[in-house]
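Quick note, the sequence shown lines up with residues 235 to 718 if you use our numbering.
For each residue, glycine too, the CB sits at the ideal point set by N, CA and C.
Bear in mind the structure is a predicted one, so any value in this text is a computation, not a measurement.
Here the structure is laid out as structure tokens; the discussion comes afterwards.
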Amino acid sequence: MSRRRLSLRARLLTLQLVVFGSFLLLASPVTYFIMSRTLEDDRDEYLTSMARHVSKEYLAKDENVPPSPSLPARCLCDPVPPSSTDPEAMHWPRHLLLCDESGEVLCSDGETAALAPQAVQQALQTNLPAFADVRWPAEFLRIIAWPFQDPNGRVLVMEVGCSYRVIEGALRKGFILMAVIDAAALLFLITGSYLLTRNAFVPIDQIVRRVEQIDEDRLEERLPMESRDDEAGRLVAVINRMLERLERAFEAQSRFSSDVAHEIRSPLTALRGMMEVTLRKERSTEEYRNVMQENLEEVLRLARLAEDLMSLAKADAGVLQIRRVRVKLREALQAVLARFKLKADEKNIELRLHAPEEVAVIGDPDLLGRLVENLVDNALIHSPQMGAVLVQLQRNEDHVTISVDDHGTGIPPQHLSKIFDRFYRVDPARSREMGGSGLGLAIAQQIARQHGGSIRVQSTVGKGSVFLVTIPVARPPEPRMETG
Ligand code: ADP
235 MSRRRLSLRA RLLTLQLVVF GSFLLLASPV TYFIMSRTLE DDRDEYLTSM
285 ARHVSKEYLA KDENVPPSPS LPARCLCDPV PPSSTDPEAM HWPRHLLLCD
335 ESGEVLCSDG ETAALAPQAV QQALQTNLPA FADVRWPAEF LRIIAWPFQD
385 PNGRVLVMEV GCSYRVIEGA LRKGFILMAV IDAAALLFLI TGSYLLTRNA
435 FVPIDQIVRR VEQIDEDRLE ERLPMESRDD EAGRLVAVIN RMLERLERAF
485 EAQSRFSSDV AHEIRSPLTA LRGMMEVTLR KERSTEEYRN VMQENLEEVL
535 RLARLAEDLM SLAKADAGVL QIRRVRVKLR EALQAVLARF KLKADEKNIE
585 LRLHAPEEVA VIGDPDLLGR LVENLVDNAL IHSPQMGAVL VQLQRNEDHV
635 TISVDDHGTG IPPQHLSKIF DRFYRVDPAR SREMGGSGLG LAIAQQIARQ
685 HGGSIRVQST VGKGSVFLVT IPVARPPEPR METG
């Protein structure tokens, strides 16, 4: 069973809430903990300074402290009575008691024994202050046992206690404050995240709605908002560029289909016409032979067209299998030129090859031969009687250039960028007359590309054209390392 995914908007909102919510929920206990530790440290510091102060006061007294524990601690500062609720008084010691090494109480606020005997014992043993928590009588006290010596060298311990209430009060207030802040922050976060996420997706929703309305009949439409300087603007720009490419591809597709139909219809009409006229009356064998000969030419033209279309379609679909063998180009060019010798001689054209060195490429010999054939054929067609066509082979570092140079009609500049398009002809009537399908250069370009190369043209009307094909050269085999 497939699980339904949450929308991007819902996921973003949830993510924001989880991340920031967890941060808030984690930050509050940590803050509370740090606050309580700080308050406790402050209280212990306060207790310590209080114990030191009271002990000093005791030592500063002239008369000896009466040994009776029942005496009120008049020798010391007055402790705050436990019943007091005065907030100021909360900061004063709740309990004061002085005892000697044997544990005998020298003076106190009424207690007859130390409230934290273990802390007193520890202070006596280590001669360092010791702390303890004691329940007394209706509240908790923090006790410090402060060891010190009187002028006679007696070791005494001053026990000072203060209430927990100050800390408890501060912590309670802090807790309430934090809970209120957390709740407000959470509310703010939920509303803020919701509004932010909703607003962020408004342009996306608009784009989706507009794109949904664009079908193949409305490919000329473009989305607004392209001028926005944000992600939505960039998305719209990308979609608009894609629509432009789609529109061009659709146009090319429909133009190509009508071109194909047109190219097939012309020879078929010619064939039909010739047959109908021939069949109207009885003909001599000679006449039939002539008609058959003409028909054969049209059929061959159709077959060539079908073959060209097939190879272009296969290459487009990426299913054209091309061989990858080492092709010696000078040899291949010599063979092509030999095939065109007769055609060149018919127009008294000097067809020459200039190839100072042999260069090898990796590729399909038949396809490479076809590429050069298309160029040489065009050069001969567009050259005048007694003209000259020069085919050159030149190696430049890692690539090789084959150029086919003629001194023919040349190509007007406005056509130069289009002559590699399928069925594009500078002079359609003349091209058809010469038997051209308008696919020769498109096929040549495709073959060059299949071999990792390219083709370009330079031409001047009335002076001639040069077609330049560039293909990477085959790397020589790596020299083998001799071992042993
Ligand atoms: P075609 O079958 O018509 O020759 P191509 O694709 O081979 O088709 O060529 C496309 C057009 O480019 C031709 O119709 C022609 O007008 C022009 N062209 C190609 N080669 C030459 C050339 N060497 N000189 C002048 N024009 C040329």
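In this structure, does DSSP put residue i in helix, strand or coil?
i	result
residue 586	strand
residue 395	strand
residue 516	coil
residue 246	helix
residue 562	strand
residue 643	coil
residue 467	helix
residue 306	With a pLDDT of only 38 at residue 306, under 50, the local geometry of the prediction cannot be trusted, and the value read off the model is given with reservation. Of the three classes helix, strand and coil, the one that applies to residue 306 here is strand, per DSSP.
residue 413	helix
residue 372	coil
residue 296	Here the model assigns residue 296 a pLDDT of 49, short of 50, so the residue's position is not dependable, and the following value carries that caveat. DSSP places residue 296 in coil when its eight states are reduced to three.
residue 635	strand
residue 433	helix
residue 701	strand
residue 448	coil
residue 615	helix
residue 525	helix
residue 349	coil
residue 672	coil
residue 333	strand
residue 283	helix
residue 473	helix
residue 382	strand
residue 598	coil
residue 226	Since the first residue of the chain shown is 235 and the last is 718, residue 226 is not available in this structure.
residue 555	coil
residue 501	helix
residue 608	helix
residue 241	coil
Taking Cβ to Cβ, would you say residue i is nearer than 9 Å to residue j?
i	j	result
residue 458	residue 470	yes
residue 581	residue 619	yes
residue 233	residue 589	Outside the modelled stretch of the chain, which goes from 235 to 718, sits residue 233, for which no answer is possible.
residue 453	residue 477	yes
residue 640	residue 622	yes
residue 497	residue 657	yes
residue 593	residue 707	yes
residue 567	residue 606	yes
residue 703	residue 637	yes
residue 288	residue 263	no
residue 250	residue 423	yes
residue 260	residue 419	no
residue 535	residue 671	yes
residue 368	residue 377	yes
Between the options, which has its C-alpha nearest residue i's C-alpha?
i	options	result
residue 603	623, 630, 561, 427	561
residue 346	374, 359, 332	332
residue 387	650, 293, 505	293
residue 440	450, 460, 335, 424	460
residue 383	377, 405, 357	357
residue 405	270, 359, 381	270
residue 255	375, 525, 686, 427	427
residue 434	246, 691, 505	246
residue 544	502, 677, 505	677
residue 681	609, 337, 571	609
residue 615	648, 585, 411, 250	585
residue 679	601, 393, 539, 482	601
residue 528	465, 691, 507, 385	507
residue 381	468, 286, 444	286
residue 343	540, 329, 335	329
residue 354	372, 394, 490, 369	394
residue 396	648, 492, 281	281
residue 630	648, 449, 591, 665	591
residue 268	408, 503, 392	408
residue 462	482, 483, 438	438
Just checking residue i against the ligand COA - is the residue's beta carbon closer than 8 Å to any of the ligand's heavy atoms?
i	result
residue 551	For the structure depicted, the ligand COA is absent and the ligand set comprises only the ligand ADP.
Any 3 or more C-beta pairs closer than 8 Å across the region 689-699 and the region 641-650: yes
Count the CB pairs spanning the region 409-423 and the region 346-364 that are closer than 8 Å, and state whether there are at least three. no
Are three or more beta carbon pairs between the region 389-402 and the region 273-290 nearer than 8 Å? yes
Okay, do the region 515-526 and the region 542-549 touch, 3+ Cβ pairs below 8 Å being the bar? no
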